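Participant: One structure, as structure tokens, below. Some questions next.
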Amino acid sequence: MHLTKSFVLYLSNISLKPHKWGYKLFVLCGVSGYGYNFEIYTGNENKEDECIRNEPDFGATGNVVVRMIPENVHHKLFFDNYFTSLPVMIFLEKKAFTQLERLGVIVFPNVCLTDDRIMMKRDRGYSEERCPYFNCCVERQQDSTRNLNFRRPVGELDKNVVSIDLTKKKKTTILIPRPKIIEFYNKHMGGVDLMDSMIGRYRIIMRSKKWHMKSFYHMVDMTIVNAWLLYKKVTKKPMKLAQFREQLAVELCQTSMEIKKKGRKTNARRE
Numbered sequence: 205m206h207l208t209k210s211f212v213l214y215l216s217n218i219s220l221k222p223h224k225w226g227y228k229l230f231v232l233c234g235v236s237g238y239g240y241n242f243e244i245y246t247g248n249e250n251k252e253d254e255c256i257r258n259e260p261d262f263g264a265t266g267n268v269v270v271r272m273i274p275e276n277v278h279h280k281l282f283f284d285n286y287f288t289s290l291p292v293m294i295f296l297e298k299k300a301f302t303q304l305e306r307l308g309v310i311v312f313p314n315v316c317l318t319d320d321r322i323m324m325k326r327d328r329g330y331s332e333e334r335c336p337y338f339n340c341c342v343e344r345q346q347d348s349t350r351n352l353n354f355r356r357p358v359g360e361l362d363k364n365v366v367s368i369d370l371t372k373k374k375k376t377t378i379l380i381p382r383p384k385i386i387e388f389y390n391k392h393m394g395g396v397d398l399m400d401s402m403i404g405r406y407r408i409i410m411r412s413k414k415w416h417m418k419s420f421y422h423m424v425d426m427t428i429v430n431a432w433l434l435y436k437k438v439t440k441k442p443m444k445l446a447q448f449r450e451q452l453a454v455e456l457c458q459t460s461m462e463i464k465k466k467g468r469k470t471n472a473r474r475e
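Per my numbering, the very first residue in the sequence shown carries number 205; after that it's consecutive.
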């Protein structure tokens, strides 16, 4: 979400955010925070006149996922329950995408999962999985939240042990089993938040309140972050982000400067 109070038709208000006003951007990012694709939310994407020809209709959030992913490329996709629905899962599976989503309380046909009241009585760390249809699995773990994980099957349910510190309540540490897929999700999820944090540290500050100026410089910030991530990848001793932005600004300011030569002016230089 780009923070601004400038008047624009697609300005959004999200009351649960620390900064409530701005316009929403849907961004496709990698694990490092590199942005591959983005889309500005305007509210007209789901109208028949604005839709792309032959585009499948999966609702407002599902269509964002379908539009932003490349075709004929085998990628691993990670997204949360805001973009998740059963038709989107089936579509991505047919396109040979490996997806792992964080699900909320969604009703899956023909999937017999343990009832919530019984699940809450289980020991912490208890998990179960079902593989009912279209070569994919639904996995659930007993925790403080009612979340599910959806994935393609990778064999048996591997687990590792994670320690949780309970010093506030019992002043002790307990060990609970955790499915491998949850560790995999936590490791690779969060690229969009990482890009937002890198942009927010050294954002271009301007006094103008015109929405198109703020939008342009927000795209400049995204481009600089992408350039810095590529620079880190090919350089053995990379600069920090602040130094990189400073050096980039100096180089751009010097591109149009005329370097004065020493000595007396020649006839050609006088003309």
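Note that CB positions come from ideal geometry on N, CA and C, so glycine has one too. Here the structure is a predicted model, which is why all the values come from computation and not from measurement.
Out of 261, 281 and 276, which has the shortest C-alpha to C-alpha gap to residue 394?
Facilitator: Here residue 394 refers to the residue found at position 190 of the sequence shown. Comparing Cα positions, the closest option is 281.
Participant: Could you have a look at residue 236 and say whether DSSP puts it in helix, strand or coil?
Facilitator: For this step, residue 236 is matched to residue 32 along the sequence shown. Note: residue 236 maps to coil in three-state DSSP.
Participant: Grab the span of the alpha helix (DSSP H) containing residue 435 for me, first residue to last.
Facilitator: Counting from one through the sequence shown, the residue named residue 435 turns up at place 231. Note, residue 435: alpha helix (DSSP H), 415-438.
Participant: Would you kindly report the start and end of the unbroken beta strand (DSSP E) that includes residue 226?
Facilitator: Taking the first residue of the sequence shown as position 1, residue 226 is located at position 22. Counting along the chain, the beta strand (DSSP E) containing residue 226 begins and ends at 225-227.
Participant: So residue 511 and residue 262 are in contact, right, with Cβ under 8 Å, and what is the actual spacing, rounded?
Facilitator: Outside the shown range of the chain, which is 205 to 475, sits residue 511, and nothing can be said about it.
Participant: Using alpha carbons as the reference points, say which of 430, 417 and 454 lies closest to residue 396.
Facilitator: The sequence position of residue 396 within the sequence shown is 192, counting from 1. Per the Cα distances, 430.
Participant: Here's the rule I'm using: 16 or more other beta-carbon atoms within 10 Å means buried, otherwise exposed. How should residue 227 be labelled?
Facilitator: Translated into positions along the sequence shown, residue 227 becomes position 23. Residue 227 comes out buried.
Participant: To the nearest angstrom, how far is the alpha carbon of residue 359 from that of residue 426?
Facilitator: The count along the sequence shown starts at 1 and reaches residue 359 at position 155. The count along the sequence shown starts at 1 and reaches residue 426 at position 222. Note that residue 359 has pLDDT 42, beneath the 50 cutoff, so the model's placement of it is unreliable and the number below is only indicative. Near 39 Å, if we compare the C-alpha coordinates of residue 426 and residue 359.
Participant: How would you label residue 237, buried or exposed, when you count the other beta carbons within 10 angstroms and need 16 or more for buried?
Facilitator: On the sequence shown, position 33 is the one that residue 237 refers to. Counting Cβ neighbours within 10 Å, residue 237 comes out buried, since at least 16 surround it.
Participant: Below 8 Å on the Cβ atoms is my guess for residue 244 versus residue 229; work out the distance and round it to an integer in Å.
Facilitator: Residue mapping note: residue 244 aligns to position 40 of the sequence shown, counting from 1. Residue mapping note: residue 229 aligns to position 25 of the sequence shown, counting from 1. With 8 Å as the limit, residue 244 and residue 229 qualify as a contact, their Cβ atoms being about 6 Å apart.
Participant: Is it buried or exposed, residue 247, if we count other Cβ atoms within 10 angstroms and call 16 or more buried?
Facilitator: One-based indexing of the sequence shown puts residue 247 at position 43. That one is exposed.
Participant: Expressed to the nearest angstrom, what Euclidean distance is found between the alpha-carbon atoms of residue 266 and residue 287?
Facilitator: Taking the first residue of the sequence shown as 1, we reach residue 266 at position 62. Taking the first residue of the sequence shown as 1, we reach residue 287 at position 83. Their Cα atoms are separated by approximately 6 Å.
Participant: Alpha carbon to alpha carbon, how far is residue 408 from residue 416?
Facilitator: Mapped onto the sequence shown, residue 408 falls at position 204. Mapped onto the sequence shown, residue 416 falls at position 212. Residue 408 and residue 416: Cα-Cα distance of roughly 14 Å.
Participant: If you draw a straight line from the C-alpha of residue 433 to the C-alpha of residue 279, how long is it?
Facilitator: Along the sequence shown, one-based indexing puts residue 433 at 229. Along the sequence shown, one-based indexing puts residue 279 at 75. Using only the alpha carbons, I get a separation of about 20 Å.
Participant: What residue range is occupied by the uninterrupted alpha helix (DSSP H) comprising residue 388?
Facilitator: Position 184 of the sequence shown, counting from 1, holds the residue named residue 388. Counting along the chain, the alpha helix (DSSP H) containing residue 388 begins and ends at 384-392.
Participant: Is DSSP giving residue 244 helix, strand or coil here?
Facilitator: Counting from one through the sequence shown, the residue named residue 244 turns up at place 40. Here residue 244 sits in strand by DSSP.
Participant: Please work out which residues of its chain come closer than 8 Å, Cβ to Cβ, to residue 239, disregarding the five sequence neighbours upstream and downstream, and give them in chain order.
Facilitator: Counting from one through the sequence shown, the residue named residue 239 turns up at place 35. Around residue 239: 231, 232, 233, 399, 426, 429 and 430.
Participant: Alpha carbon to alpha carbon, how far is residue 403 from residue 421? Give it in angstroms, no decimals.
Facilitator: Counting from one through the sequence shown, the residue named residue 421 turns up at place 217. Counting from one through the sequence shown, the residue named residue 403 turns up at place 199. Near 11 Å, if we compare the C-alpha coordinates of residue 403 and residue 421.
Participant: Beta strand (DSSP E) containing residue 280: first to last residue?
Facilitator: Locating residue 280 in the sequence shown gives position 76, where the first residue counts as 1. That run of the beta strand (DSSP E) goes 280-283.
Participant: For residue 277, does the three-state DSSP call read helix, strand or coil?
Facilitator: In the sequence shown, counting from the first residue as 1, residue 277 sits at position 73. Residue state, collapsed to three classes: coil.
Participant: Have a look at 260, 387 and 272 and flag the residue whose alpha-carbon is nearest the alpha-carbon of residue 295.
Facilitator: Here residue 295 refers to the residue found at position 91 when the sequence shown is read from its first residue. Nearest option by C-alpha distance: 260.
Participant: Report the option in 380, 382, 242 and 454 whose CA atom is closest to the CA atom of residue 147.
Facilitator: Missing from the structure shown is residue 147; the chain here goes from 205 to 475 and no further.
Participant: Report the CB separation of residue 389 from residue 446 in whole angstroms; it is logged as a contact under 8 Å.
Facilitator: To locate residue 389, count along the sequence shown from 1; it is residue 185. To locate residue 446, count along the sequence shown from 1; it is residue 242. Contact flag wrong, Cβ pair sits at about 31 Å.
Participant: Using DSSP with H/G/I as helix, E/B as strand and the rest coil, what is residue 357?
Facilitator: For the purposes of this step, residue 357 is identified with residue 153 of the sequence shown, where counting begins at 1. Any answer about residue 357 is weak, because its pLDDT of 47 lies below 50 and its placement is not dependable; what the coordinates show is given next. Coil at residue 357, not helix or strand.
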